[in-house]
Amino acid sequence: MFYAKLAFQNIRKNKQAFLPFLLSMIFLTALNTLMLMVANDPGLAKLQGAEAITQLFGFGSVIVLIFSVVFATYTETILNKQRKNELGLYNVLGMGKRELYKLTFFEKVINLVITIVLGVTSGVIFSRLAYLIIKKLMGIGSEFKFTLNTSILMLTILFIAGVYAWLYLINAFNIFKSDPIELLHAEQKGEKEPKAKWFLALVGLVTLIWGYWIALTIKSPVSAVTNFFIAVLLVIIGTYLIFTAGSIVVLKLLRKNENYYYNVKHFIPVSGMIYRMKQNAVGLASICVLSTMVLVTVSTTAGLFFGANDQVQQAFPRDIMISSEKPLTKLEQVAKNYATKEDVKLSDMQYIQTSQSLLFTKKANDFKAADRMNYSVSNVDKAANVVLISLSEYNTLTKDNLTLTKPNDIFMYTTTQNYPEKTMILNGHKYQIKQQVNKLKDTGLLNASPVDSYIVIMKDQKQIEGLLKELYKTKETAAYLAPAYQLNFNIELKDQAKRKAFIRGLSKEFAKTADKQWYSFQDKDSYRESVKRFDGGFFFLGIILGIAFLLATTLIIYYKQVSEGMDDRKRFVILQKVGMDEAEVKRVIHSQIMMVFIFPLAFAMLHVAFAFPLIKKMLVLFGITNWQLFLVVTLVVALIFSILYYVVYQLTARVYYRLVER
């Protein structure tokens, strides 16, 4: 009972150290409660595209679990560092290591009880709010509703108890290896001046530039995904090396600059930071990396969410899209008859015959046929999709009246930037590009693709068939010889319930008529719904992870200010005794804090700027090609984060100043 009372008094009297730790643990408990309840909600399994959505939230909950363990370990390390002096005093006053084990055990039990009670309660409360937000973002109905899942609550409690058991083991190990006298005088022990590690600083710079180079030189969205984590790893390593080794090199160079260094605004911050940069650097690098994570996570998921309409329009220029390898004239008539029967108007009807989407490997203007089944991901940067269409089909589709007189003349349409060459070589056949056309955007022939895509308009169907027979001679590639037919049209119905009923009825009519004909039936409404659910869920996950990373950033900044304030208190007292007034102290503190906090934010913004081209290419895989919208979203997120960062800076600067003034 004695140890329990003493533990409770320690927590109550050391609020400045324990309160941020407890708040972070309560937040992590609430966050895990929320994520696990959402990920395991039975309503998710009933949604359209349930597998992808369930995997998305399951993946998010695993990230939050891992983040919780890592961040709890970090906060425990900081807490132990702040309490070294106190534990050393207990040791000197007669408490052995066995007694300290008991004391810290009861402290952890009290913290655990507070964390579980407040964390689980707030997690349940915020879960109700989260369900409402998810419903709004994903457009889900009554099938997704809040249910208090007791098994999930028990799982969360067991997980948090396990985290606390892990933290207690860390604490016990620190006590085991500690020396009482060393603990008692830990505060007086200063840092040795670190050496300027030019080699590590250079390695950090090279690693960072390497990561940036990967981000800037990636050509295709598929290779962007495969190289994304390599670039991220290189940038993280480079960041830590630059902050730990490069910062000391820079500070020592500043010290050599007499005009800069011998100034009351710069002398104290630079000299102080040189001696304590070992402990500063890792914290600053962590702030930079976490800030980058917040910016990238939130801007990417927000870009997906706000670009959903463009994504849908890109994939579905018409409400209904039917494709087959056989003529669709019978299904076209079925659609018209059913629309007449239901008194519904069909508009913008298109009936198109083309080749299938053909895969080529290209180098400049030279295109060589490739088989999709045996295509290597390593060659994806050289890949291109090509669709062949006859001139008469193109003129009918676009109401144009273009002509081709020579057999080797073609027209071209591309979804990429303007094709720079004047000719196109398809497996040795050289074609002269007479003109690049731009009227095929709304046909749905080329959706957003991770590779360059082209529509080649040839003189007639006979020429297309001859080229295809020459390209695909084997049994394995014979399937490419079949033509592709596409029927697209809009439905003139505003009422969503009536639209859904009509689409369902039309699909059933097609199934009755088509007999054994294979065809693909897709509608814009269903696709929009699935996109909204996926992008909305992804955006919610981005917000949750962004808040988690932001909390981690805030707490690292807070702990850093508290620990530095305690270290700097005596130094500033001495400086005031030798003549520095209060205004000068404030000025020096402001200068020191600005130096510390501006670098992580500036580096985070730099990381995001270089990551932008890489993320922009990755978003193409989701059908987002409007990079201007993504740029605006990224700038808005960066602005909001900068404001929040400034607020945190102001609050923590006050904590630091109060500690120094004491």
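Heads up: the sequence shown begins at 1 in UniProt numbering, then just goes up one per residue.
From the three backbone atoms N, C-alpha and C, an ideal C-beta is built for every residue, glycine too.
### Query
Can you give the Cα-Cα distance for PHE105 and ILE640, rounded to whole angstroms?
Within the sequence shown, numbered from 1, the residue matching residue 105 stands at position 105. Within the sequence shown, numbered from 1, the residue matching residue 640 stands at position 640. About 41 Å.
#### Entry: Cβ contact (3+ pairs, closer than 8 Å) linking the stretch 472-483 and the stretch 311-319
no
### Task
Keeping to the same chain, check which residues put their C-beta closer than 7 Å to that of LYS430; ignore five residues upstream and five downstream.
Working through the sequence shown from its first residue, we reach residue 430 at position 430. Within the same chain, LYS430 has close Cβ partners ASN408 and THR423.
### Task
Would you list the one or two residues that DSSP bridges to GLN350?
In the sequence shown, counting from the first residue as 1, residue 350 sits at position 350. ASN488.
### Limits of the unbroken beta strand (DSSP E) element including ALA384
In the sequence shown, the residue the question calls residue 384 occupies position 384. 383-390 is the span of the beta strand (DSSP E), which, as asked, contains ALA384.
### Message
Which same chain residues end up closer than 6 Å to VAL38 when comparing Cβ atoms and leaving out the 5 residues on each side of it in sequence?
### Response
Here residue 38 is taken as the residue at index 38 of the sequence shown, counted from 1. Taken in chain order, the residues that qualify are PHE57.
### Stretch pair the stretch 346-355 + the stretch 525-533: three plus CB contacts closer than 8 Å
no
### Query
When the Cα atoms are used, what is the spatial distance from MET618 to ASN337?
Taking the first residue of the sequence shown as 1, we reach residue 618 at position 618. Taking the first residue of the sequence shown as 1, we reach residue 337 at position 337. Near 43 Å, if we compare the C-alpha coordinates of ASN337 and MET618.
### Task
State buried or exposed for TYR646, treating a residue as buried only when at least 16 other CB atoms are found within 10 Å of its CB.
What you label residue 646 is simply residue 646 of the sequence shown in a count that begins at 1. Flag for TYR646 reads exposed.
#### Entry: Limits of the beta strand (DSSP E) - the one that SER453 falls within
Here residue 453 refers to the residue found at position 453 of the sequence shown. Run containing SER453: 452-458, per the beta strand (DSSP E) assignment.
### Query
Any idea which residues DSSP pairs LEU358 with across the strands?
Here the question's residue 358 lines up with position 358 in the sequence shown. When beta bridges are read from the DSSP output, LEU358 appears opposite VAL386.
### Query
Which of the three DSSP states, helix, strand or coil, is assigned to LYS363?
Sequence index remark: in the sequence shown, residue 363 carries index 363 (1-based). Strand at LYS363.
### Task
Report yes or no: do the stretch 395-410 and the stretch 452-468 share at least 3 C-beta pairs separated by less than 8 Å?
yes
#### Entry: Closest Cα partner of ASN438 within the set THR156, TYR394, ASN488 and THR477
In the sequence shown, residue 438 corresponds to position 438, counting from 1. With distances taken between Cα atoms, ASN438 lies closest to TYR394.
### Message
What does DSSP give as the partner residue(s) for SER323 in the beta ladder?
### Response
Here residue 323 refers to the residue found at position 323 of the sequence shown. Beta-bridge pairing links SER323 to GLN486 and SER520.
#### Entry: Burial state of GLN496 (16 or more Cβ within 10 Å)
Numbered from its first residue, the sequence shown carries residue 496 at position 496. Its Cβ having fewer than 16 others within 10 Å, GLN496 is exposed.
### Task
Go to ILE214, then tell me how far its alpha helix (DSSP H) extends in each direction, as first and last residue.
Walking along the sequence shown from the start, residue 214 turns up at place 214. Element bounds for ILE214: 198-217.
### Task
Specify whether the stretch 544-558 and the stretch 63-82 touch according to this definition: at least 3 beta carbon pairs, one from each stretch, less than 8 Å apart.
yes
### Query
Are LEU65 and ASN111 touching if we call contact CB-CB under 8 Å?
Position 65 of the sequence shown, counting from 1, holds the residue named residue 65. Position 111 of the sequence shown, counting from 1, holds the residue named residue 111. No, the pair does not count as a contact, with Cβ atoms beyond the cut-off.
### Task
List the endpoints of the continuous beta strand (DSSP E) containing TYR413.
Locating residue 413 in the sequence shown gives position 413, counting from the first residue. Note, TYR413: beta strand (DSSP E), 409-414.
### Query
At what residues does the alpha helix (DSSP H) containing LYS422 begin and finish?
Here residue 422 is taken as the residue at index 422 of the sequence shown, counted from 1. Counting along the chain, LYS422 falls outside any alpha helix (DSSP H), and DSSP gives it neither H nor E.
### Task
Give me whichever residues DSSP pairs with HIS429 in a beta bridge.
Counting from one through the sequence shown, the residue named residue 429 turns up at place 429. Note: HIS429 sits in a beta bridge opposite LEU426.
### Task
Give me whichever residues DSSP pairs with GLN333 in a beta bridge.
To locate residue 333, count along the sequence shown from 1; it is residue 333. Its beta-bridge partners do not exist; DSSP assigns none.
### Task
Compute the Euclidean distance between the alpha carbons of ALA548 and ILE320, then round it to the nearest angstrom.
Position 548 of the sequence shown, counted from the start, is the residue given in the question as residue 548. Position 320 of the sequence shown, counted from the start, is the residue given in the question as residue 320. So the two alpha carbons sit approximately 42 Å from each other.
### Message
With a threshold of 7 Å on Cβ separation, who are the neighbours of ALA130 within its own chain once the five nearest residues in sequence on each side are excluded?
### Response
Counted from its first residue, the sequence shown places residue 130 at position 130. Excluding residues within five positions, the ones whose Cβ falls inside 7 Å are LEU34 and VAL38.
### Query
Thinking C-beta only, is LEU36 closer than 8 Å to THR156?
In the sequence shown, residue 156 corresponds to position 156, counting from 1. In the sequence shown, residue 36 corresponds to position 36, counting from 1. The answer is yes: Cβ separation under 8 Å.
### Message
Taking 6 Å as the limit between beta carbons, can you name the residues of its chain near LYS197, skipping five residues before and five after?
### Response
Here residue 197 is taken as the residue at index 197 of the sequence shown, counted from 1. Taken in chain order, the residues that qualify are ALA245.
### Task
Keeping to the same chain, check which residues put their C-beta closer than 6 Å to that of LYS108; ignore five residues upstream and five downstream.
Locating residue 108 in the sequence shown gives position 108, where the first residue counts as 1. Excluding five sequence positions before and after LYS108, the CB atoms of its chain that fall closer than 6 Å to its own CB belong to TYR164 and TYR168, given in chain order.
### Message
DSSP three-state label for LYS434, please.
### Response
As a first step, residue 434 is located in the sequence shown; it is residue number 434 there, counting from the start. In this structure, LYS434 counts as strand in the three-state DSSP scheme.
### Task
Measure how close the beta-carbons of THR297 and GLY60 come, nearest whole angstrom, since I'm counting them as under 8 Å.
In the sequence shown, residue 297 corresponds to position 297, counting from 1. In the sequence shown, residue 60 corresponds to position 60, counting from 1. So it is not a contact: roughly 11 Å between Cβ atoms.
### Message
At the level of alpha carbons, what is the spacing between ALA383 and LEU440?
### Response
Residue mapping note: residue 383 aligns to position 383 of the sequence shown, counting from 1. Residue mapping note: residue 440 aligns to position 440 of the sequence shown, counting from 1. Distance between the alpha carbons of ALA383 and LEU440 is about 21 Å.
### Message
Helix, strand or coil, according to DSSP, for LYS368 in the structure here?
### Response
Within the sequence shown, residue 368 is the residue found at index 368, counting from 1. Strand at LYS368.
#### Entry: Three-way DSSP call (helix, strand, coil) for ASN149 in this model
The residue you call residue 149 lines up with position 149 of the sequence shown. If DSSP states are grouped into helix, strand and coil, ASN149 belongs with coil.
### Query
Candidates ALA308, ILE237 and SER347: which alpha carbon is nearest PHE539's?
For this step, residue 539 is matched to residue 539 along the sequence shown. When each option's Cα is compared against that of PHE539, the closest is ALA308.
### Query
What number of angstroms, rounded off, separates the C-alpha of SER324 from the C-alpha of GLN432?
Counting from 1 along the sequence shown, the entry for residue 324 is found at position 324. Counting from 1 along the sequence shown, the entry for residue 432 is found at position 432. Spanning the two alpha carbons is a distance of roughly 31 Å.
### VAL637 to GLY283 span [Cα, whole Å]
Against the sequence shown, residue 637 aligns to sequence position 637. Against the sequence shown, residue 283 aligns to sequence position 283. Take the alpha-carbon of VAL637 and the one of GLY283: they are about 23 Å apart.
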